[in-house]
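Residue numbers (the working numbering), protein chains in the order written: chain V, 536 to 1155; chain A, 11 to 257. Virtual Cβ for every residue (Gly too), placed ideally from N, Cα, C. No experiment lies behind these values; they were computed from the predicted model shown. Written out below as structure tokens is the structure these notes cover.
In structure tokens, the structure reads:
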């Protein structure tokens, strides 16, 4: 037990003892404010939705509890996914594992310490941001205060169970598959996530519940929405705990939370036993034979880019190869893939024929809104891949700095690397959704051109702001998007495509109006149309160049300031030393000076101890 | 070939480099020695174009690093003290990446890379991902990449860190050979014996100031009697400077 405490202790000490500069305090305050805002929005939306459901006679409660069951099932799936990645990293890939395994501690104790850490790391954020929805349930259903206690008592073992299942999957897989196949492992997990998300989505079929006519009878509809989830799922036990505590059936709530805790503890015990036998083996395997032979003679990419200038070819091929070989990117690719498939699926099932409005009008309206939606998908992809691309250079950024390429050229080459695939992806997305919507030629051309104008700006925002706020020391550069720069990127990109879509609204309305009424446009309308589209073009050009310019200047300044920060840190240490008591300092100085005088007069060893002079100066 | 003109670099209140002014001739190996935090790496990073000086200039073969950094960098092969490179590339891919920046033709690259990879004993590992390389192997790969375009100037920060004795001997020979062929080499080091063995001239930097320059003979003659090796001269000079600052 002492071993486990000692292993977890540095984590707490690092939290307690971190020195927060004014800049960091402001940042912390800012992000706490944003976090609180998101939390409040989730609470407000949940409260409004539940109040609405509650007011629907007869089926209101059924709908609310069906929603609760869906939230819990989704939460449980996401907890498992998050835990798989966290346990893999904490148990096998962390850089400090070499040091920890060198200590005279049984490997199962190391496992337990890491397991506790990963349970916390993989779940705290998800639980924190689902809490407002659960609290809203309590308020809307006028639950007793004990509901909050049962809520916490139920969510904690859910996180334990998710982590327990994940580590039971991860440990044997790492032992079976050699470390050289770690990429395959990630692909496997990515596929698992994709399939889980897709199945969860399809199993829930959320579109059915708002459409009672789709069911053969009212009884069938009621039976479907009141049907409990599988009793073997831990999320069902949480559901039963919460539902029982809302209705003040405490004995039932205790029974279901008891189920959760006992299963959580059972999984913990099984994990500890499994870890005793295979954890160190897996760790050992993951540390050895990491070399991967890759054919260096594959010159295909070099040949097809033979006419391109050297630096462009160099950076383009480097980006492509490092991207495909970096396993952490794979899971993200699968998630993005899932997002796009669900996005396209939604368009294919839109019931236009049931709309009371003109189908052509609705389809074109959706097509117009789809431009914003596609731009949002593009922004989300940019946040994952484009924004962190400068930070991905890491400590190897010196290579770019010392190479005969200016920072400006480098940033534009990076822009080109991401522009081409994102342009293709966005255009394919918009054309496919337009086909699914059966839009007319005008809307097709408009949306294709609008997206073609938005993509360069969104990519420039990603590269420019990524260069302005880089983190070359981060172990996981993808996470830089959660910082201030990432937030700025999301905000600026959303404002950018939002303003373009808004500006296009009026001319599109005028053109459609003229088309449906079969009249010619007036002169003033034509001028307005030209004005709006020209303003859009100017905004697009501004957003293409301004962030790149900003990023270039900030990056140059940041690189210069990096060493300055290190020196400032050293000064902080000196200040701490200087805070010794006055008498102590004076005595120390006298001792040191007498040594120097002895050396000067030749009565002592001519080489004083290292840093003796710095120490004398610090005594002033 | 290399001219440092009144180079000055200040970080906030701290002066990292204080008016360094020196020149290094073509084909010369210049050793830059000094204690930790003396300003060696800052000077080298300014010379390689990684940092901008607060004032002063670096002229490489007549090209100013301040006004024409891209062309100045074409003349330099820079070897940093810590081998951070793109771990997801193989050794040969990394070399090809560097070669593309210096517009080396395909045939030229094939010839030079295979010769250098053989010379630095990395021929068998060239198709492996760099993440599997040891510290010394990465350092050797960086050296190959710095020599690939036959630069007239090589700037090296702590060249022997992480190298085994065989590699150290090899690097010494490579530097000597390149120097004979006319390449100017500017190296910073803690290893005084290395500076003594291969440098034509040495500069001692302390607290950002260049406190002594000259050949080994010059330094020995300027030091107090009885000092025979560079280590003695180094300690004596840095000690004197420190003592002067104490009342």
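Taking the CB atoms as reference points, tell me whether residue 1012(V) and residue 927(V) lie closer together than 8 Å. Contact flag set, yes.
Quick one: using the 10 Å Cβ neighbour count with 16 as the cut-off for buried, is residue 216(A) buried or exposed? Using a 10 angstroms sphere on the CB of residue 216(A), the tally of other CB atoms reaches 16 or more, which defines it as buried.
Residue range of the unbroken alpha helix (DSSP H) whose run includes residue 1001(V): Here the alpha helix (DSSP H) through residue 1001(V) covers 976–1003.
Please compile the residues from chain A whose C-beta is within a distance smaller than 8 Å of the C-beta of residue 929(V). Near residue 929(V) (Cβ distances below 8 Å), the residues of chain A are 94.
I need the straight-line Cα distance from residue 11(A) to residue 43(A), nearest angstrom please. If you take the alpha carbons of residue 11(A) and residue 43(A), they lie about 20 Å apart.
Quick one: any contact between the region 61–71 of chain A and the region 127–145 of chain A, if contact means 3 or more CB pairs under 8 Å? With the rule of 3 Cβ pairs closer than 8 Å, the region 61–71 of chain A does not count as touching the region 127–145 of chain A.
Go ahead and pull the three-state DSSP assignment for residue 961(V). In the structure shown, residue 961(V) sits in a helix (DSSP, three-state: H, G or I).
Interface partners of residue 84(A) on chain V, CB under 7 Å: Within 7 Å Cβ-Cβ: 939.
Can we say the region 606–613 of chain V touches the region 661–671 of chain V, given the rule of at least three CB pairs closer than 8 Å? The region 606–613 of chain V, when compared against the region 661–671 of chain V, does touch it at the 8 Å Cβ threshold.
Is it the case that the Cβ atoms of residue 17(A) and residue 51(A) are separated by a distance below 8 Å? No, Cβ-Cβ distance for residue 17(A) and residue 51(A) is not below 8 Å.
Which residues does DSSP pair with residue 128(A) in a beta bridge? Paired residues: none, contrary to the question.
Are the C-beta of residue 846(V) and some C-beta of chain A separated by less than 8 Å? Yes, residue 846(V) counts as interfacial toward chain A.
Quick one: what's residue 211(A) bridged to in DSSP? DSSP lists 40(A) as partners of residue 211(A).
Selection from 547(V), 843(V), 694(V), 1014(V) that minimises the alpha carbon distance to residue 659(V): When each option's Cα is compared against that of residue 659(V), the closest is 694(V).
Name the chain V residues whose beta carbon is nearer than 9 Å to that of residue 173(A)? Against residue 173(A), chain V offers no close residue; the least beta-carbon distance is about 19 Å (beta-carbon pairs closer than 9 Å).
Would a check of beta-carbon distances place residue 219(A) closer than 8 Å to chain V? Closer than 8 Å to the CB of residue 219(A) there is not a single CB belonging to chain V.
With three or more C-beta pairs closer than 8 Å as the rule, is the region 79–92 of chain A touching the region 28–43 of chain A? Too few Cβ pairs lie closer than 8 Å, so no.
Run of the alpha helix (DSSP H) containing residue 673(V), from where it starts to where it stops: Segment 642–675, the alpha helix (DSSP H) holding residue 673(V).
Would you kindly report the start and end of the unbroken alpha helix (DSSP H) that includes residue 1054(V)? For residue 1054(V), there is no enclosing alpha helix (DSSP H), since its DSSP letter is neither H nor E.
What are the partner residues of residue 107(A), as DSSP defines its beta bridges? Paired residue(s): none; residue 107(A) is not in a bridge.
For residue 575(V), I'd like the list of residues in its chain whose CB is within less than 8 Å of its CB, leaving aside the five on either flank, ordered along the chain. Correct list, in chain order: 667.
Members of the region 55–78 of chain A that neighbour chain V once the beta carbon cut-off is set at 9 Å: Across the region 55–78 of chain A, CB contacts with chain V closer than 9 Å involve 55, 58, 59, 60, 61, 62, in sequence order along the chain.
Run through DSSP, which three-state label would residue 74(A) get? In the displayed model, residue 74(A) falls within a strand according to three-state DSSP.
How long is the line joining the alpha carbons of residue 794(V) and residue 785(V), rounded to whole angstroms? Distance between residue 794(V) and residue 785(V), taken at the CA atoms: about 14 Å.
Can you give me the C-alpha to C-alpha distance between residue 698(V) and residue 654(V), rounded to a whole angstrom? If I take the Cα positions, the gap works out to 6 Å.
Given that residue 1006(V) touches chain A, what residues does it touch there, using C-beta distances under 7 Å? Chain-ordered listing is empty here: chain A has no CB closer than 7 Å to the CB of residue 1006(V), the nearest sitting near 15 Å.
Which chain V residues sit within Cβ distance under 9 Å of residue 133(A)? Per Cβ cutoff of 9 Å: no residues; residue 133(A) is ~11 Å from chain V at best.
Helix, strand or coil at residue 1007(V) [DSSP, three-state]: The answer is coil: DSSP assigns residue 1007(V) none of H, G, I, E or B.
Bridge partners for residue 68(A) per DSSP, in chain order? Within the DSSP secondary-structure output, residue 68(A) pairs in a beta bridge with 14(A).
Ignore the nearest five residues each way along the sequence and tell me which others in residue 155(A)'s own chain have a CB closer than 7 Å to its CB. Only residues of its own chain outside the window of five on either side were considered, and among them 104, 105, 108 have a CB closer than 7 Å to the CB of residue 155(A), listed in chain order.
Since residue 914(V) and residue 1016(V) should fall inside the 8 Å C-beta cutoff, what is the C-beta to C-beta distance between them, to a whole number of angstroms? Contact flag wrong, Cβ pair sits at about 11 Å.
With distances taken from CA atoms, which of 229(A), 228(A), 218(A), 222(A) is nearest residue 46(A)? Checking every option, the nearest Cα to that of residue 46(A) belongs to 218(A).
Grouping DSSP H, G and I as helix and E and B as strand, with all else coil, what is residue 1041(V)? In the structure shown, residue 1041(V) sits in a helix (DSSP, three-state: H, G or I).
Quick test of your reading: residue 582(V) and residue 678(V), contact by CB under 8 Å. State the CB separation rounded to the nearest angstrom. Actually they do not touch by this definition, with Cβ atoms about 13 Å apart.
Is it buried or exposed, residue 1021(V), if we count other Cβ atoms within 10 angstroms and call 16 or more buried? Residue 1021(V) comes out buried.
In chain order, which continuous runs of the beta strand (DSSP E) of length 3 or greater are located wholly inside the region 127–202 of chain A? The qualifying runs are 163–167, 194–199.
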